[in-house]
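>
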Amino acid sequence: MRADLTPRDARDRMIVPLDFASVDEAEKMVATLGDAASFYKIGMQLVFAGGLPLISQLVAEGKRIFLDMKLLDIDNTIAGGVDSIARLGVTFTTIHAYPKAMRAAVETLRRAEQHSAGLGLLAVTVLTSMEDDDVHAAGYAQPAAELVTTRAADARRAGMDGIVCSPLEIAAVRNIVGPDMAIVTPGIRPAGAAADDQKRIMTPTDAIKAGANYLVIGRPITAADDPAAAARAVMNEIETAA
Ligand code: C5P
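Numbering (my numbering), first residue to last: 4 to 245.
(1) May I ask which residues mark the beginning and end of the beta strand (DSSP E) holding T96?
(2) On the CB-based measure, 16 or more other CB atoms within 10 Å of its CB, does K44 come out buried or exposed?
(3) For ligand 1, is there a heavy atom less than 7 angstroms away from the beta-carbon of L130?
(4) Measuring only from the beta carbon, is I220 closer than 7 angstroms to any heavy atom that is part of ligand 1?
(5) Is G46 a contact residue of ligand 1, with contact defined as CB to any heavy atom under 7 angstroms?
(6) Considering A108, what are the terminal residues of the alpha helix (DSSP H) in which it resides?
(7) How far does the alpha helix (DSSP H) with A158 in it extend, from its first residue to its last?
(8) At a cut of 8 angstroms, does the region 191-200 reach the region 21-34 through at least three beta carbon pairs?
(9) Please report how far the alpha carbon of M4 lies from the alpha carbon of R113, in whole angstroms.
(10) Tell me which same chain residues have a C-beta within less than 6 angstroms of the C-beta of L91, skipping the five on either side of it?
(11) Can you give me the start and stop residues for the beta strand (DSSP E) that V126 sits inside?
(12) Determine, using beta-carbon pairs with one atom in the region 81-88 and one in the region 47-63, whether at least three such pairs fall under 8 angstroms.
(13) Taking the alpha carbon of I68 as the point to measure from, which residue in T225, T94, G46 has its own alpha carbon closest?
(14) Return helix, strand or coil for M4, following the three-state DSSP convention.
(15) Relative to the alpha-carbon of G181, which residue among I166, E134, G190 has its alpha-carbon at the smallest distance?
(16) State the Cα-Cα distance for the pair G121 and A89, rounded to the nearest angstrom.
(17) Where does the unbroken beta strand (DSSP E) through P20 begin, and where does it stop?
(18) Using the beta-carbon count (16 or more within 10 Å), is D200 buried or exposed?
(19) Looking only at its own chain, which residues have a Cβ that is under 6 angstroms from the Cβ of A215, when we skip the five neighbours before and after it?
(20) Quick one: what does DSSP say A185 is sitting in, helix, strand or coil?
(21) Does DSSP put G221 in a helix, in a strand, or in coil?
(22) Ligand 1 and G190: does the residue's C-beta get closer than 7 angstroms to at least one heavy atom of that ligand?
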């Protein structure tokens, strides 16, 4: 059984990253946002600061979790990692788009259906921090944009559930993966918001219209004077654009 990637409502299409150094700060942000957010992304910073119990707590409260661990390892280790992640009850996790690693992850979930039905596997094609020079320095002949499309096709072939990509890649990736795979996009900035360190940005409206299913949007919400109000404004924008 494939994961059910359908958002429950427009709120579910907005994923707020809990990019904090302590569980305490993350819990405060979740409390501040209350009903204004239903989907959180948790990455290595919070996990390595003791954040795993917070994942279970949020899942028990009905929140959805994107556990962004960007896995890459030998097949056996990927299989064990994905199996453990599936048991946490999270909705998404990420694997670097290497065909062998993706196949190992997909195969693991197929074998372990009872406890893995809810987990969606997202492929990270090329990190958006990588320019062409960085891709060449890493040993690849193709320009970054070409490698994104090659790896999106690999992800589809491997049976992955979705792709993480920059807003500017949504249309090209959608063309390759078709309508059924989820596209999850960071680099989202409401009109007039600070870009921070993001280089390739898009508004929520434009990203939804370009074909994104889920938007990861952090500092415009978490660093706002009123995070709940900022989250509601983004949610309204998504609802209107959808
Ligand atoms: O605060 P901001 O909206 O820039 O946060 C975006 C989130 O998405 C961060 O957690 C960041 O690590 C993540 N991300 C990203 N670009 C990628 C992959 C992940 O911004 N290519």
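Backbone N, C-alpha and C define an ideal beta-carbon position, used for all residues, glycine too.
On the basis of the coordinates in this document:
(1) Residue numbering aside, residue 96 sits at position 93 when the sequence shown is read from its first letter. Residues 95-99.
(2) As a position in the sequence shown, residue 44 is number 41, starting the count at 1. The residue in question, K44, is buried, as its Cβ has 16 or more Cβ neighbours within 10 Å.
(3) By one-based count along the sequence shown, residue 130 stands at place 127. L130 has its CB nearer than 7 angstroms to a heavy atom of ligand 1.
(4) Position 217 of the sequence shown, counted from the start, is the residue given in the question as residue 220. I220: yes, Cβ under 7 angstroms from ligand 1.
(5) As a first step, residue 46 is located in the sequence shown; it is residue number 43 there, counting from the start. Yes.
(6) Counting from 1 along the sequence shown, the entry for residue 108 is found at position 105. Its alpha helix (DSSP H) spans residues 102-114.
(7) Here residue 158 refers to the residue found at position 155 of the sequence shown. Annotation: the continuous alpha helix (DSSP H) that includes A158 extends over 147-161.
(8) No, they do not touch.
(9) In the sequence shown, counting from the first residue as 1, residue 4 sits at position 1. In the sequence shown, counting from the first residue as 1, residue 113 sits at position 110. Confidence at M4 is low in this model, with a pLDDT of 42, below 50, so its placement is unreliable and the value that follows should be read with caution. Taking C-alpha positions only, M4 is separated from R113 by approximately 7 angstroms.
(10) Counted from its first residue, the sequence shown places residue 91 at position 88. Same-chain partners within the cutoff: I58.
(11) Within the sequence shown, numbered from 1, the residue matching residue 126 stands at position 123. Checking the displayed sequence, the identity of residue 126 turns out to be Ala instead of Val. That run of the beta strand (DSSP E) goes 123-127.
(12) The region 81-88 makes no contact with the region 47-63: fewer than 3 CB pairs, one atom from each, lie closer than 8 angstroms.
(13) As a first step, residue 68 is located in the sequence shown; it is residue number 65 there, counting from the start. Its Cα nearest to that of I68, the residue T94 stands out among T225, T94, G46.
(14) Locating residue 4 in the sequence shown gives position 1, counting from the first residue. With a pLDDT of only 42 at M4, under 50, the local geometry of the prediction cannot be trusted, and no value is derived from it.
(15) Translated into the one-based positions of the sequence shown, residue 181 becomes position 178. Here the closest residue by C-alpha is I166.
(16) In the sequence shown, counting from the first residue as 1, residue 121 sits at position 118. In the sequence shown, counting from the first residue as 1, residue 89 sits at position 86. One Cα belongs to G121, the other to A89, and the distance between them is close to 8 angstroms.
(17) For the purposes of this step, residue 20 is taken as residue 17 along the sequence shown, with counting starting at 1. DSSP places P20 in the uninterrupted beta strand (DSSP E) bounded by 17-20.
(18) Along the sequence shown, read from residue 1 onward, the residue named residue 200 stands at position 197. Exposed, since its Cβ has fewer than 16 Cβ neighbours within 10 Å.
(19) In the sequence shown, the residue the question calls residue 215 occupies position 212. Apart from sequence neighbours up to five positions away, the residues of its chain that approach A215 with a beta-carbon distance below 6 angstroms are I173, I186, T188, ordered along the chain.
(20) Against the sequence shown, residue 185 aligns to sequence position 182. A185 falls in the strand class under three-state DSSP.
(21) On the sequence shown, position 218 is the one that residue 221 refers to. Three-state DSSP puts G221 in coil, outside helix and strand.
(22) Stepping through the sequence shown from its first residue, residue 190 is reached at position 187. Indeed, a heavy atom of ligand 1 lies less than 7 angstroms from the Cβ.
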